[in-house]
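Protein sequence lines, in the order shown, are assigned to chains A and B.
In terms of full-length UniProt numbering, the first sequence opens at residue 1 and continues consecutively.
In terms of full-length UniProt numbering, the second sequence opens at residue 1 and continues consecutively.
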Amino acid sequence: MNFKKPLTYALVSLSIVSVPLLSACGKEEKKEVTHSSSSSNSMKAQVNELQKTLKQLQSNLEKKDAKLTSEDGKKLNKQWLSYENNIREKYPLLYTDTEKYLLPLYSETTKDSIAWSKVQDLSASLSRSLDNLKNAKENAHQTSTELKEAVKNYKEYVNEQVNAFIGATKTFTDAVRSANMDQAKEAYGKARVFYERIEPIAESLGDLDPKIDARENDVEGKWTGFHRIEKALWKEHTLKGMTPIANQLDQDVKDLHAKIKKVKLDPATIVAGSQELLNEAALTKVTGEEERYSRIDLVDLTSNVEGSQAVYHAVLPVLTTKNKDLAKQLDTEFNKMTELLAKYKKQGAFKDYKKLSKEEVRELSNQLKTLSESMSQTAEIFQ
Amino acid sequence: MTENKNKNKEEQGTVSRRDMLKMSLVAGAGVAIGASGLGAVASMTNVFADTSKTTSSAEGEDEIVPFYGAHQAGIITPQQTYAYVGAFDLTISTKKEVIELLKKWTALAASMSTGKAATRAPNDLLPPVDTGEAEDLPPARLTMTFGFGPTFFSKKGVDRFGIKNKAPKHLQDIPAMPKDHLQEPFVGGDVVIQVCAEDQQVAFHAIRNFIRTSVGKAELKWMQSGFISGAPGKTPRNLFGFKDGTANASPKDSKAHDASIWALDGEPSWMQGGSYMAFRKIKMFLEIWDRSSLKDQEDTFGRKKDSGAPYGKLKEHDPVNSFDMPATSHTALAKSTGKPIYRRAYSYTDGVDEKTGYVNAGLMFISYQKNPSTQFLPMLKVLAKSDKLNEYTQHIGSAMFAIPRGIKKGEYVGQALFQ
Numbered sequence: 001m002n003f004k005k006p007l008t009y010a011l012v013s014l015s016i017v018s019v020p021l022l023s024a025c026g027k028e029e030k031k032e033v034t035h036s037s038s039s040s041n042s043m044k045a046q047v048n049e050l051q052k053t054l055k056q057l058q059s060n061l062e063k064k065d066a067k068l069t070s071e072d073g074k075k076l077n078k079q080w081l082s083y084e085n086n087i088r089e090k091y092p093l094l095y096t097d098t099e100k101y102l103l104p105l106y107s108e109t110t111k112d113s114i115a116w117s118k119v120q121d122l123s124a125s126l127s128r129s130l131d132n133l134k135n136a137k138e139n140a141h142q143t144s145t146e147l148k149e150a151v152k153n154y155k156e157y158v159n160e161q162v163n164a165f166i167g168a169t170k171t172f173t174d175a176v177r178s179a180n181m182d183q184a185k186e187a188y189g190k191a192r193v194f195y196e197r198i199e200p201i202a203e204s205l206g207d208l209d210p211k212i213d214a215r216e217n218d219v220e221g222k223w224t225g226f227h228r229i230e231k232a233l234w235k236e237h238t239l240k241g242m243t244p245i246a247n248q249l250d251q252d253v254k255d256l257h258a259k260i261k262k263v264k265l266d267p268a269t270i271v272a273g274s275q276e277l278l279n280e281a282a283l284t285k286v287t288g289e290e291e292r293y294s295r296i297d298l299v300d301l302t303s304n305v306e307g308s309q310a311v312y313h314a315v316l317p318v319l320t321t322k323n324k325d326l327a328k329q330l331d332t333e334f335n336k337m338t339e340l341l342a343k344y345k346k347q348g349a350f351k352d353y354k355k356l357s358k359e360e361v362r363e364l365s366n367q368l369k370t371l372s373e374s375m376s377q378t379a380e381i382f383q
Numbered sequence: 001m002t003e004n005k006n007k008n009k010e011e012q013g014t015v016s017r018r019d020m021l022k023m024s025l026v027a028g029a030g031v032a033i034g035a036s037g038l039g040a041v042a043s044m045t046n047v048f049a050d051t052s053k054t055t056s057s058a059e060g061e062d063e064i065v066p067f068y069g070a071h072q073a074g075i076i077t078p079q080q081t082y083a084y085v086g087a088f089d090l091t092i093s094t095k096k097e098v099i100e101l102l103k104k105w106t107a108l109a110a111s112m113s114t115g116k117a118a119t120r121a122p123n124d125l126l127p128p129v130d131t132g133e134a135e136d137l138p139p140a141r142l143t144m145t146f147g148f149g150p151t152f153f154s155k156k157g158v159d160r161f162g163i164k165n166k167a168p169k170h171l172q173d174i175p176a177m178p179k180d181h182l183q184e185p186f187v188g189g190d191v192v193i194q195v196c197a198e199d200q201q202v203a204f205h206a207i208r209n210f211i212r213t214s215v216g217k218a219e220l221k222w223m224q225s226g227f228i229s230g231a232p233g234k235t236p237r238n239l240f241g242f243k244d245g246t247a248n249a250s251p252k253d254s255k256a257h258d259a260s261i262w263a264l265d266g267e268p269s270w271m272q273g274g275s276y277m278a279f280r281k282i283k284m285f286l287e288i289w290d291r292s293s294l295k296d297q298e299d300t301f302g303r304k305k306d307s308g309a310p311y312g313k314l315k316e317h318d319p320v321n322s323f324d325m326p327a328t329s330h331t332a333l334a335k336s337t338g339k340p341i342y343r344r345a346y347s348y349t350d351g352v353d354e355k356t357g358y359v360n361a362g363l364m365f366i367s368y369q370k371n372p373s374t375q376f377l378p379m380l381k382v383l384a385k386s387d388k389l390n391e392y393t394q395h396i397g398s399a400m401f402a403i404p405r406g407i408k409k410g411e412y413v414g415q416a417l418f419q
């Protein structure tokens, strides 16, 4: 059988991009697959073989030849199965980094109708992972139980957020459906919080993000989601015609929930996500471009920062081991940012973005910049 | 000393800036180089007349790019280091006045391209004819490229200059794109002049004098400066540190130029041998980019940062296989639309963003193509929609211009359009 780890495969086949990386599930039974040579030379040769197969797969991909692509996918998986123990022991992090692209790639190529661009993305990433693997110094990437723990903790955080998001969205859409403007306005900001905390994950899940969170000129087709209703509430001053949008939003949020529940995260992805959250804050929140009508940009900004901080908390044990000063520095910067934002919160509500002075916006931007700069160094934990 | 040669130069009323520089060296500190000193210096030009062409510098500062030719200069001309692009809105209302302005600009351009200073004013109670800051500078491969926007032919439905029926086939405003953040004044314009040179001061001098001579006839709608620099023989890099223009046809590949740059069949005669210029001012979030991992940066472009090689390949000019790179990477998407354009982009910096304190900087994207509707617009549409790069950029300016064919000696820019 070419199939490995039935459990993993089942998950992958549900078209979730990521794959369990740090979970050791199902690995034990393959201990019997051993290899005579474990020198780095033999691994290089193995990676060469994988690269050859991948290259071939990519050329068949170009021709959109489903049959040959599928054969190459199978071959790739077979090779990986016979090499992986050798690789996993010595290069655990690089191993997971390779497997997270290889498995879904293989899975996609077994489908009757192959999603070509998905295979394309995965093969490009896999190609890079294989390069890294080939050039790896032995034990250069040491994974740790701490990182595994970090991912687990963060995943719990994400689940909490997305659960709360469903409820808060429902409160909002109920108010919209009953045409209660005041309630809807209040519920709007409360729902946004949960989404803004986990935005990068939502963005990685295909077209759900634009459906839920697009601003007016972000999309070509039909404009739906929060910002459509935001415009109705604060600009058009009527909820007429918004019921279908509210219903759709409920559905999209449910879909998001289902997808997120199945998503498997890995350390590199969550660290990149924490940076992305701060980028979002810097690009659209601190500039007041996100919440054009409700002007609750500070709510979103705060939520982005909180979401980023959740990753920081999750990786803190590893970060402290690897770079104590950076851990401390980040702690300081997050505190400063939180304090600064707190200045604009009165009785549970944030100041209207357009009431902020130029100097206040600049101060927020500067602190965010400092924090982001430190955060971008967090990938040090992978050294 | 040959008096005759001297006289000729004086009669022409012009003198090469490079000659001026040399004269000043010989004549010593006592000779003023400003317009008022021109006459005194002019009598010595012949001494150096024969040497000026043999002098050359590594950057081609002494080189003259011919202003006249089958195509306008500044398109397939190897890219100079500095650029100023200015778009004008005409304030005049008759064809006659437009012709006068174009004649004036053509004469000015022809003279500036050879590094010549304009005639001095008849007396010193008048302001100098030339603004003067380029007088002792070399020609610096100065090129000036003229183009006409859609509003030149018809503004708000009005055929202002009676030339609407001669409008080129594919000229139109670039349609609104997803995620556009266009900011006036960087949208459209009746006439564009793209000025490029190896010396920034020479370039600015040129655009400045076009502006100056247009007073009362046209107003400057927007102006953008830019720079681009690369090691000799290497593709220059943009401010994200990636090579920009790799896919361009070689400047000598005239077959490729006919296939993708020069407008030919079906165009009005004044446009045959011309081209279409697409302009986009693209803000780049440098600070955000600089905090992104190398992997993200390379995935965004679909190329390796150091070598410029497309994913799956080793060298910059190796053929791109889009299937080796992420589907929404910049290179894969640009290639997916299949038709090449000729890029001639410059980087820009505009001080500090007042709001965020970030550096205002980006790319003055310029491309030339024979048919924007099949080459440029489909590409822009795909990129605006899905390009990974959009996370780090914002399109804030947009315009399209028809670039008339090259100018023959004795003609003015776009002359065939008015006959």
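We put the CB at the ideal spot given by N, CA and C, even for glycine.
- Contact with chain A is absent for Asn360/B, since none of that chain's Cβ atoms lies less than 8 Å from the residue's Cβ.
- Flagged as an interface residue toward chain A: Ser293/B, by a C-beta distance shorter than 8 Å.
- DSSP, read as helix, strand or coil, puts Phe210/B in helix.
- Cβ proximity to chain B below 7 Å picks out Asp218, Val219 and Glu220 from the segment 218-231 of chain A.
- Listed along chain B are Ala327, each with a C-beta nearer than 7 Å to that of Ser117/A.
- Residue contact check for Ile396/B against chain A: no CB pair falls below 8 Å.
- With respect to Leu68/A, Leu54/A sits apart: the two C-beta atoms are not nearer than 8 Å.
- Contact between the segment 253-263 of chain A and the segment 258-274 of chain B is not established, with fewer than three Cβ pairs separated by less than 8 Å.
- Judged by DSSP in its simplified three-state form, Arg362/A adopts helix.
- Nearest to Lys235/A by C-alpha distance, out of Arg295/A, Glu71/A, Thr321/A and Asp213/A, is Arg295/A.
- Leaving aside the five residues that flank Lys118/A on each side, the residues in its chain whose CB is nearer than 7 Å to its CB run, in chain order, Glu108.
- For Asn165/B, no CB of chain A lies under 8 Å from its own CB, so it is not counted at the interface with that chain.
- With contacts defined as CB atoms closer than 8 Å, Met277/B and Ile403/B qualify as a contacting pair.
- Not a single CB atom of chain B sits nearer than 8 Å to the CB of Leu340/A.
- In the three-state reduction of the DSSP assignment, Met181/A falls in the helix class.
- Using a 10 angstroms sphere on the CB of Ser329/B, the tally of other CB atoms reaches 16 or more, which defines it as buried.
- Distance between Leu205/A and Leu182/B, taken at the CA atoms: about 29 Å.
- If you look at His330/B, you'll find it in the alpha helix (DSSP H) that goes His330 to Ser336.
- Put simply, the CB of Pro175/B is far from chain A, with every gap to its CB atoms at 8 Å or more.
- When the beta-carbon positions are compared, Arg344/B and Tyr368/B come within less than 8 Å of each other.
- Straight through space, the alpha carbons of Gln367/A and Glu339/A are spaced by roughly 11 Å.
- For a cut-off of 8 Å, the C-beta gap from Asn132/A to Asp97/A is around 7 Å, short enough to register as a contact.
- Under the DSSP assignment, Thr378/A falls outside any beta strand (DSSP E); it carries neither an H nor an E label.
- DSSP, read as helix, strand or coil, puts Val65/B in coil.
- For Tyr348/B, the closest Cβ of chain A is not nearer than 8 Å.
- Met325/B carries a coil assignment under DSSP once its states are collapsed to helix, strand and coil.
- By a beta-carbon distance limit of 8 Å, Asn360/B contacts Thr349/B. Their separation comes to about 7 Å.
- DSSP places Lys134/A in the helix class (H, G or I) of the three-state scheme.
- Listed along the chain, the chain A residues whose CB falls inside 7 Å of the CB of Gly410/B amount to none; the nearest CB is some 49 Å away.
- By the Cβ criterion, the segment 310-327 of chain B is not in contact with the segment 204-218 of chain B, since fewer than three pairs of Cβ atoms, one from each stretch, lie closer than 8 Å.
- Non-local beta-carbon contacts of Gly351/B in its own chain, meaning distances under 7 Å to residues more than five positions away in sequence, involve Asn360 in chain order.
- DSSP places Phe285/B in the coil class of the three-state scheme, outside both helix and strand.
- Counting only runs that start and end inside the segment 270-304 of chain A, there is no alpha helix (DSSP H) element of at least 4 residues.
- With contacts defined as CB atoms closer than 8 Å, Ser374/A and Leu316/A fail to qualify as a contacting pair.
- Among the bridge pairs identified by DSSP, Gly226/B is matched with Ala83/B.
- Under the 8 Å criterion on CB atoms, Pro178/B is classed as interfacial with respect to chain A.
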